[in-house]
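Okay, so here's the structure we're looking at.
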Amino acid sequence: MTSDRLNELTAAGVAVWLDDLSRVRLSSGGLDQLRREKHVAGVTTNPTIFAKALSDADTYDWQLRDLATRGVEVEEAVRMLTTYDVRWACDVMRPSYDGSAGVDGRVSIEVDPRLAHDTEKTVAEAKALWWLVDRPNLFIKIPATEAGLPAITATLAEGISVNVTLIFSLERYSAVMEAFLAGLEQAKANGHDLSKIGSVASFFVSRVDSEIDKRLEKIGSEQAKALRGKAAVANAKLAYERYGEVFSSDRWQALADAGAHPQRPLWASTSTKNPDYRDVIYVEELIAPGTVNTMPEPVIHAYADHGETRGDTITASYDEARQVFADLESVGVDIDDAIGVLEREGVEKFETSWQELLDGVRKSLEAAAAGKSDPSDAAKPNARAAQQAGGNA
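In this text, residue positions in the sequence shown follow our numbering: the first is 61, and each later residue adds one.
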């Protein structure tokens, strides 16, 4: 029964991806188990996930010791640690990649979020991560900032697959799809095989409700309070409407005829922040063909336990979604301002997590250099497993 609910979701056209990664998950076989038993067909990561993974696990000690012995700088150490895990995850997910002709089985790694407003450096880092991980089922995550848009095009033009992240507004999503089409057109002109290039557009969901619900509470009227928990789903549904328009165009058809895969909408931030909301609402209400839903493991298990797949829950409700936004404006919610706050905070939060990651690795390197950690095989059986299982990673 548990697997059947997720299988029903998959059959409805939703690719189930895991929003998490750690070396413990890799060395224990947990990721492979989710792939085999829970229909997990991809993995997303971000600086927050890596900061947590490296803060509470001893499976990194042996690598930290080696890095400290070499005297590497902290930023290089972070790159070695994170790309090791992502490379390993790519190998775990390779059966899904091969079985889906390269559509799924993808693992994402994000460029340094401090580069979010620098196009040239973002492209350079994307290229470096691509050759460092060296797996065809990798996605490079690039934020959908104004500087990120031309970086997306330039990266795709190099034949590099891209996960566009931190999308909140419909206008920015349209710009992302334009950047994608332009990138594939340039990639084709550059002689790249379009069938090998993948992309998803990560449209954030629950954070929209968190920000707009806060504003509705402040307004305080009964009409305003009745709109709580509706903005995020409505926003995502209207994004899917735009997706349908773009990927039914003649411009797209020319690329599809050359072997290109569409840039699928990926619903991100799908765990509910408000405990009053159904814990799988951002999965159940966003079911449509050709989509991805990346979930923390608790949401995957929650859907496996009690999620309801009711077929396509998006395309018949575009007018209803538009009415939600009209109602939000009528009660005094400034949608554009709310989206602007979310975009700024999204980058800032990842920058903060990245700094926490750097600080944590710096302390670990200092401890390893001083001989305070003991990453010997006898003391660290998980480290030994990581080295063995990750030998080809």
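Glycine included, C-beta positions come from ideal geometry on N, C-alpha and C.
key: Whether I395 touches L388 by CB criterion (8 angstroms)   = yes
message = From the DSSP secondary-structure annotation, give me the bridge partner or partners of S262.
response = DSSP lists L326 as partners of S262.
ask   = Using 8 angstroms as the limit for Cβ to Cβ distance, is G367 near chain C?
value = The structure shown contains no chain C; it is built from a single protein chain.
query = Under a three-way DSSP split, which group does E218 fall into?
reply = Look at E218 here: in three-state DSSP terms it is coil, with no helix or strand label.
query = Under a three-way DSSP split, which group does T332 fall into?
reply = coil
message = I'd like the list of long-range same chain contacts for E416, defined as Cβ closer than 6 angstroms, with 5 residues on each side in sequence excluded.
response = A111
key: Rounded distance between the beta-carbons of A398 and I212, thought under 8 angstroms   = That belief does not hold up - the Cβ atoms of I212 and A398 are roughly 24 angstroms apart, past 8 angstroms.
message = Three or more C-beta pairs under 8 angstroms: does that hold for the stretch 74-82 against the stretch 144-164?
response = Segments in contact, yes.
task = Return helix, strand or coil for T105, following the three-state DSSP convention.
result = coil
inquiry  = Counting C-beta neighbours from all protein chains within 10 Å, is the total for N353 16 or more, i.e. buried, or is it exposed?
reply    = buried
ask   = Taking the alpha-carbon positions, what's the V293 to V236 distance?
value = 19 angstroms
ask   = In angstroms, rounded to a whole number, what distance separates the CA positions of R130 and G243?
value = 39 angstroms
query = Fully enclosed by the stretch 103-170, which beta strand (DSSP E) runs are 3 residues long or longer?
reply = Counting only runs of at least 3 residues, the stretch 103-170 fully encloses the following beta strand (DSSP E) elements, listed from N- to C-terminal order: 166-170.
Straight-line gap, E133 to G90 (C-alpha atoms, nearest Å) = Rounded to whole angstroms, E133 to G90 spans 31 angstroms at the Cα level.
message = Along the chain, where does the alpha helix (DSSP H) containing P358 start, and where does it finish?
response = For P358, the enclosing alpha helix (DSSP H) stretches over residues E357 to H366.
ask   = Within 10 angstroms of its Cβ, does D253 collect 16 or more other Cβ (buried), or is it exposed?
value = exposed
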